[in-house]
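Read through the structure below, which is laid out as structure tokens, and then see the notes.
Protein chains: 2
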Amino acid sequence: MNTSFGPYRKLQKRARQIALVAGASELLGWDAETGMPPAGLAFRAEQLAFLGGQAHRSWTAGVVGGWIKACEDAGFDPASPEAANVREWRRAYDRATKLPAALVEKFERIRAVAREAWRKARERSEFALFRPHLEKLLDLNRRKADCLGFAESPYDALLDGYEPGARAARLRVVFDSLKAEIGLILGPAMERSAGTPSDLLQGNYPLAAQMAFNREVAGAFGFDFSAGRIDATTHPFCCTVGAGDCRLTTRYRENDFTYSLYSILHEAGHGLYEQGLPAEQFGTPLGTAASLGIHESQSRLWENHVGRDPSFWEHWHPIACRHFPGLERFRPEQLTAAVNRVAPTFIRTESDQVTYDLHILLRFEIEVEMLEGRLAVADLPARWNDTFARLTGLKVSRDSEGCLQDIHWSLGDLGYFPTYTLGNLNAAQLMARARAEQPGMDASLAKGEYTALLAWLRDRIHRHGLRYPPDELIQRATGEPTGAAAHLACLRRKFGVSS
Amino acid sequence: MNTSFGPYRKLQKRARQIALVAGASELLGWDAETGMPPAGLAFRAEQLAFLGGQAHRSWTAGVVGGWIKACEDAGFDPASPEAANVREWRRAYDRATKLPAALVEKFERIRAVAREAWRKARERSEFALFRPHLEKLLDLNRRKADCLGFAESPYDALLDGYEPGARAARLRVVFDSLKAEIGLILGPAMERSAGTPSDLLQGNYPLAAQMAFNREVAGAFGFDFSAGRIDATTHPFCCTVGAGDCRLTTRYRENDFTYSLYSILHEAGHGLYEQGLPAEQFGTPLGTAASLGIHESQSRLWENHVGRDPSFWEHWHPIACRHFPGLERFRPEQLTAAVNRVAPTFIRTESDQVTYDLHILLRFEIEVEMLEGRLAVADLPARWNDTFARLTGLKVSRDSEGCLQDIHWSLGDLGYFPTYTLGNLNAAQLMARARAEQPGMDASLAKGEYTALLAWLRDRIHRHGLRYPPDELIQRATGEPTGAAAHLACLRRKFGVSS
Chain A
-9 MNTSFGPYRK LQKRARQIAL VAGASELLGW DAETGMPPAG LAFRAEQLAF
41 LGGQAHRSWT AGVVGGWIKA CEDAGFDPAS PEAANVREWR RAYDRATKLP
91 AALVEKFERI RAVAREAWRK ARERSEFALF RPHLEKLLDL NRRKADCLGF
141 AESPYDALLD GYEPGARAAR LRVVFDSLKA EIGLILGPAM ERSAGTPSDL
191 LQGNYPLAAQ MAFNREVAGA FGFDFSAGRI DATTHPFCCT VGAGDCRLTT
241 RYRENDFTYS LYSILHEAGH GLYEQGLPAE QFGTPLGTAA SLGIHESQSR
291 LWENHVGRDP SFWEHWHPIA CRHFPGLERF RPEQLTAAVN RVAPTFIRTE
341 SDQVTYDLHI LLRFEIEVEM LEGRLAVADL PARWNDTFAR LTGLKVSRDS
391 EGCLQDIHWS LGDLGYFPTY TLGNLNAAQL MARARAEQPG MDASLAKGEY
441 TALLAWLRDR IHRHGLRYPP DELIQRATGE PTGAAAHLAC LRRKFGVSS
Chain B
-9 MNTSFGPYRK LQKRARQIAL VAGASELLGW DAETGMPPAG LAFRAEQLAF
41 LGGQAHRSWT AGVVGGWIKA CEDAGFDPAS PEAANVREWR RAYDRATKLP
91 AALVEKFERI RAVAREAWRK ARERSEFALF RPHLEKLLDL NRRKADCLGF
141 AESPYDALLD GYEPGARAAR LRVVFDSLKA EIGLILGPAM ERSAGTPSDL
191 LQGNYPLAAQ MAFNREVAGA FGFDFSAGRI DATTHPFCCT VGAGDCRLTT
241 RYRENDFTYS LYSILHEAGH GLYEQGLPAE QFGTPLGTAA SLGIHESQSR
291 LWENHVGRDP SFWEHWHPIA CRHFPGLERF RPEQLTAAVN RVAPTFIRTE
341 SDQVTYDLHI LLRFEIEVEM LEGRLAVADL PARWNDTFAR LTGLKVSRDS
391 EGCLQDIHWS LGDLGYFPTY TLGNLNAAQL MARARAEQPG MDASLAKGEY
441 TALLAWLRDR IHRHGLRYPP DELIQRATGE PTGAAAHLAC LRRKFGVSS
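Top line first, the protein sequences correspond to chains A and B. Just so it is clear: in the first sequence, position 430 is 420 by this note's numbering, and no numbers are missing. Just so it is clear: in the second sequence, position 34 is 24 by this note's numbering, and no numbers are missing.
Structure, rendered in structure tokens:
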């Protein structure tokens, strides 16, 4: 059995066509964030809905199911790349066809209204305005999980859409150990940060200089600007518009260059992954990122393990001074301390490397409890505030700084948050392994040489696409399944905490 | 019969869906010129081909023909807007379905190769490299004309695709009178320009100041930036990405602000037309520009009849001085003289208002003769050079400055050029009529007030979309069919030539 098998080739062609349309949608979405004139919004929304529907219809057509079945019956060598494509096509087909069209449409309708309600609720910090919408979305998510099917928890059915093969029960084991250990690191880390004022680096950093410096660093990491670009948006993101066209975005604060820089380091990590996927497989699972958690491992690795490592400013401080002469008053260690400052905050997206995962663990617990019917939506704010206080010591006084802060739930996205923490854990685990296998790594990083690290990631992660489920991919790359040990070891080392 | 008639509503829906896809293609095309990373090119081309094919298949489906037939049989009031939609849907359906798919595909294949051959031929100024490709394209265009059908000349079948209802024989009558009269205007106009050096305005005009000034003028004309934007590209253009989203582009020369400015005045004319089309009809003929010739009349009107009128610099000179202090050394009349300088050039796109149409008339004659089999491709350069010398007095020494200068023929586009001259003629005719109907027009223009002129164009041209064929539209707007008189009168007045 090989790639010339008729139904396999038809699936490849269909997947390619869908990628062509999906790429157009990506550009329409990117443009809506970067340059679209405001009056174009309504038509743009109609366009995205139409193209999305078209791609969905094209993939859920009966013939597609027939081709997949024929491939399964024909029996590709289970170790072959083709078998991986067939496995993932089956997954995607089942997930897409198991949901009745009426449910999908109802979901879309309620989402649209819920998002607006959430905006208003957050603005006024009034949970009651969002509550009935979240109740509806929760109910729809339960029905979705029932349609998709699950063995233990309805949460698994949703989680699996973002992180193939992940299960709530297994996550809980890892996350629980993480929670306990972070609690022990947090105090000493905060103490260590006490000598670094939060506004240490505040100054005047012209946008053009920020853009130039960001570009220089992303280029040094290996981001290929002949196949990508950087633009400004309200929220940073990375999107792939097509083969050879991956775009990063960031946002700027004139008084704080690290605000745009660390976004770019993060997004460049995503972009390097996208640029490292096998181009000839574009549009098929083999040419697609393994999961959100694996994607996030790449962004976190470059952002935190490269960008927040002391070696980073050792190399980049003199170069940064050319762009921002005001930085000459600092030593590299001060910059490192500033970008590693630990202090709990209410807002997840502003949180430091130690407390970040506490924000995620809280959301994970609440999502699971709500889906399993153990927590009523009405009790969400109290549950949030209690747990948050226990985890961080901070008392939430406004729901806009608490359970209303993220957009995700208003989009009906439950089961997504854990991928952020999986990303953190995998990043640390990959970096530890890369260091162990490449003894010269630290010396290279201190010289701003990233080729070897990137080549290692290309080899262990990028080139495989979705060849292996994420857990297996990490096992193969690092010799162990995803765990908290490497991440905790890294935090302990960084903040001088003994284990 | 009304708009609730089933087949009519189905056509509206189908047209809307095609507009959604076509708008995505527009954005993909715009992005390819403005910001796409070079490595994205191959995928982008595949995307555009796929979406184009999809739109074509969607429109040429048998059901569409059935719905059109049902509308025709049902008999809308011929004077109703619905009847105009049905008329144009029929035109578009017939043109799309009369061409066999094999011919369309062959055309695409040969075009792609021909364009590359043309680039090389122009670079080396070696017509022989392009000749075999043009021969093939000519042959395919003849077959295309045969498929589409025509009464007198195969040229009509092609021309009709750009300018519904236009016929070569009728154009020739208008164009011949134009040619003779321009010949009489050219000498005196050149003499009048002799005192204005070609580099009079050369200076240093920072790009940011050019952008700001261009934006200010386009905004004053009435271009709505909440529904549009301006970007930089190699060749200026105007494109509509969707309802409420019309984009202009221009290019810049640091030493000559008029280079970008007059492109923007031109493209803003196109943009004002697009923004004036009835939004609720977007995607149907009633919401679509009447023809290329009508479109060009709008761009030429704002570029030449507003932007090159003495009133323009009377108002804008002091404002321009704020952006470009170096302009303070001129009087407004000098700026007017500079942007109206007449001197024949080899290159159409660099030519002045008097000689521009000579370039078009030459191309028109050659296209007709080639299509009617009266001129062999091999004889094209000699024919070009002879006629060009007779028309302008300039002797072509390199085909790159002669018959190889334009991209159009390498794209297989024959029958397109005349729409440029139709645009010039219609622009003058519309402007004369607007002036006659609005006695305060010149005073308004001198004050930089364009509301009344735009309102008049909205009323006479924009709001009708494709309600009337272009000839009828001009007849209704100006009281006469398209002719050369107004254009010639305008040139004579401008250059002080008595008729």
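Each residue gets a CB set at the ideal place from its N, CA and C atoms; glycine is no exception. All values derive from a computational prediction rather than experimental measurement.
Chain A places a beta carbon closer than 7 Å to that of B/Gln37, counting this residue as a contact. Apart from sequence neighbours up to five positions away, no residue of its chain approaches A/Arg483 with a beta-carbon distance below 8 Å.
With fewer than three CB-CB distances shorter than 8 Å, the region 106 to 113 of chain A does not count as touching the region 353 to 363 of chain A.
CA-CA distance, B/Ala372 to A/Leu238, rounds to 53 Å. In the DSSP assignment, B/Arg243 is bridged to B/Asp246. Residue contact with chain B for A/Leu174: absent (no Cβ-Cβ distance below 7 Å to any residue of chain B).
Membership of B/Arg219 in the beta strand (DSSP E) is indicated by the continuous run Gly218 to Ala222. Take the alpha-carbon of A/Ser183 and the one of B/Cys311: they are about 55 Å apart.
Rounded to whole angstroms, the separation of the alpha carbons of A/Leu401 and A/Ala107 is 11 Å. Residue burial is scored here from C-beta neighbours: A/Ser250 has at least 16 other C-beta atoms within 10 angstroms and is therefore classed as buried. Counting of Cβ neighbours within 10 angstroms places A/Thr326 among the buried residues, the total reaching 16 or more. Classified as exposed, A/Pro187 has fewer than 16 neighbouring CB atoms from the shown chains inside 10 Å of its CB. With three or more CB-CB distances shorter than 8 Å, the region 447 to 467 of chain A counts as touching the region 267 to 287 of chain A.
Listed in chain order, the alpha helix (DSSP H) elements of length 4 or more contained wholly in the region 349 to 436 of chain B are 370 to 382, 408 to 427 and 431 to 436. Taking the Cβ atoms as the reference, B/Phe354 lies roughly 32 Å from B/Ala9, outside the contact range of under 8 Å. Residues of chain A with a Cβ closer than 7 Å to the Cβ of B/Met26 are, in chain order, Asp235. For A/Thr24, the enclosing alpha helix (DSSP H) starts and ends at Gly(-4) to Thr24. Rounded to the nearest whole angstrom, the CA to CA distance from A/Arg162 to A/Ala436 is 37 Å. Between B/Leu415 and B/Ala474, the CB-CB gap stays under 7 Å. Just measuring C-alpha positions, the residue of B/Tyr263, B/Leu365, B/Gly185 and B/Leu384 sitting nearest B/Asn330 is B/Gly185. Using a CB distance below 9 Å, the part of the region 202 to 234 of chain A facing chain B consists of Asp214, Phe215, Ser216, Ala217, Gly218, Arg219, Asp221, Val231, Gly232, Ala233 and Gly234, ordered along the chain.
For A/Arg319, no chain B residue has a C-beta closer than 9 Å to its own C-beta; the minimum C-beta separation is roughly 31 Å. In the same chain as B/Ala158, and ignoring 5 residues on each side of it, the C-beta atoms closer than 6 Å to its own belong to Ser143, Tyr145, Asp146 and Val358, in chain order. Taking 7 Å as the threshold, the shortest C-beta distance from B/Gly266 to chain A does not fall below it.
In this structure, A/Pro27 keeps its C-beta atom at 7 Å or more from the C-beta atom of B/Ser289. In the three-state scheme derived from DSSP, where H, G and I count as helix and E and B as strand, B/Gly232 is classed as strand. Of all residues in the region 383 to 396 of chain A, none comes within less than 7 Å of chain B when Cβ atoms are compared.
Listed along chain B, the residues sitting closer than 7 Å to A/Leu17 by beta-carbon distance are Leu17, Leu18 and Asp21.
A/Leu10 belongs to the set of residues whose beta carbon lies under 7 Å from a beta carbon in chain B. Residue pairing by DSSP places B/Leu238 opposite B/Ile220 and B/Cys228 in a beta bridge. When DSSP states are grouped into helix, strand and coil, B/Gly155 belongs to the coil group. Assigned with DSSP and collapsed to three states, B/Leu191 falls in coil, not helix or strand. At least one beta carbon of chain B lies nearer than 7 Å to the beta carbon of A/Gly13. Pairing A/Glu286 with A/Tyr410 gives a Cβ-Cβ distance under 7 Å. When the five nearest sequence neighbours on each side are left out, the beta carbons in the same chain lying within less than 7 Å of the beta carbon of A/Glu293 are those of Tyr252, Leu255, His256 and Gly259, in order along the chain.
Using beta-carbon distances, B/Ala258 does not count as an interface residue toward chain A, since no partner is under 7 Å.
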